[in-house]
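Read through the structure below, which is laid out as C-alpha cells, and then see the notes.
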Amino acid sequence: MSYEAIRVDLDASNHVATITLNRPDKLNSFTRAMHLELSTALDQVEASGARALVLTGAGRGFCAGQDLADLDFTPGAMTDLGELIDAHFNPLIRRLQGLPLPVIAAVNGTAAGAGANLALACDLVLAARSASFIQAFVKIGLVPDSGGTWFLPQRVGMARALGLAITGDKLSAEKAESWGLIWQTVDDVELAATASKLAAQLAQQPTRAIAAIKQAMRAGTTQPLDQQLDLERDLQRELGASHDYAEGVQAFVEKRAPRFEGR
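Set out below in C-alpha cells:
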C-alpha cells in the first residue's frame with residue numbers, strides 16, 4: 225500500500241509493525257490527508273496480524289501537532305477547530321488507546337501540541353535524550369487537546385500539568401522521565417534499536433492479556449473500586465479460558481519458556 229505522509233513497515237518475522245510520520249520538512253505536523261493515511265495504516269497493521277506497533281517520526285522531530293497551513297483563516301470561513309478535532313484527532317487518540325496490541329512511541333525529537341499528546345496516547349513512550357515535549361497550545365490561545373488535559377494531570381499531578389499547559393514551556397525528555405510522564409529516555413543513537421527490541425519482546429508476550437491490562441488500567445482511573453474489582457474478575461475469567469493462559473501454566477510446570485500466540 226502506498227502512502228505519501230507516512231511509512232509503514234511490517235516485519236512478519238517478529239510480528240512488529242512500525243509507522244513513521246513522514247513529513248520531516250514540516251516536523252511531521254498533521255494535515256487532514258495525513259490523518260486519513262494514518263487511519264488506513266492502523267487498519268493495515270491490525271489486519272496484518274502484527275502483535276506490537278512502534279510509532280515514530282522521520283527527520284529531526286516526532287510531530288509538531290497540527291499543520292496550521294492546512295487550516296483556513298479567511299474571516300467568516302475559518303476552520304472550525306471543534307469539527308477538526310471531532311473528525312480526526314479524537315478518533316486517532318481513541319484508536320491508539322483501544323488497539324489490542326502494545327503501542328510504543330519512539331520520540332526522536334520535538335513533540336509539540338497534539339504531537340506531544342499523540343505520544344502520550346501510546347502505551348509506552350521511549351524518548352531520545354535530545355527530545356522534548358511542549359504543550360504549545362497556549363502560545364496560540366488554545367487549550368491542550370488530543371487528550372492532553374486527561375493524560376497530564378494523571379501522570380504528573382495537577383501542579384505540573386497546569387504549569388506545562390499554562391506556560392507552554394519545553395520539557396526535556398530526561399525531566400519527562402523523572403516526572404513519570406514517559407517510560408524511558410535513551411541515547412539518541414540507541415532510540416530506534418531500543419524501540420525495535422522492546423516491540424519484538426512485547427510481540428512475544430500474551431497480547432490478549434496486554435490488551436486486557438490496558439483496558440483495566442485505564443478504566444481504573446475513572447471508576448470506583450467495586451466496579452474495578454468486577455472488571456478484573458470478568459477479564460480474568462475470559463483470559464482464564466485462553467490458549468495463552470493454558471500455555472503459560474504448562475510452560476511453568478515444564479520449566480520452559482512459554483510460546484504465546486496472542487489467543
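Whatever position you read off the sequence shown (first residue = 1), add 224 for this note's numbering.
We treat Cβ as the ideally placed atom computed from N, Cα and C, and that holds for glycine.
Proximity of residue i and residue j at Cβ, strictly below 8 Å
i	j	result
Leu320	Cys346	yes
Leu405	Phe357	yes
Gln452	Ala465	no
Ala351	Ala276	no
Asp468	Arg480	no
Gly285	Asn252	yes
Collapsed DSSP secondary structure at residue i in the structure displayed
i	result
Ser272	helix
Gly339	helix
Arg487	coil
Lys421	helix
Phe361	helix
Gln408	strand
Val477	helix
Gly306	helix
Ala301	coil
Ser402	helix
Leu251	coil
Asp233	strand
Gln290	strand
Thr280	strand
Thr446	coil
Of the residues the options, the one placed nearest residue i, counting alpha carbons only
i	options	result
Ala329	Ala383, Ala443 and Ala355	Ala355
Asp310	Pro299, Thr264, Lys250 and Gly371	Gly371
Trp403	Arg461, Thr391, Phe375 and Gly486	Phe375
Glu228	His259, Asp235 and Pro315	His259
Integer Cβ distance of residue i from residue j, believed to fall under 8 Å
i	j	result
Pro326	Leu388	26 Å between Cβ atoms; not a contact.
Arg353	Asp411	6 Å
Phe484	Pro430	4 Å
Asp296	Met302	6 Å
Cutoff 6 Å; reference residue i; Cβ partners in own chain excluding five residues on either side
i	result
Thr244	Arg231, Thr280 and Ala282
Leu348	Ile328 and Trp407
Chain-order list of residues whose beta-carbon lies under 7 Å from that of residue i (same chain, five-residue window excluded)
i	result
Ala338	Phe254, Gly289, Gln290, Phe313, Asp369 and Ser370
Pro377	Ala385
Thr445	Gln378
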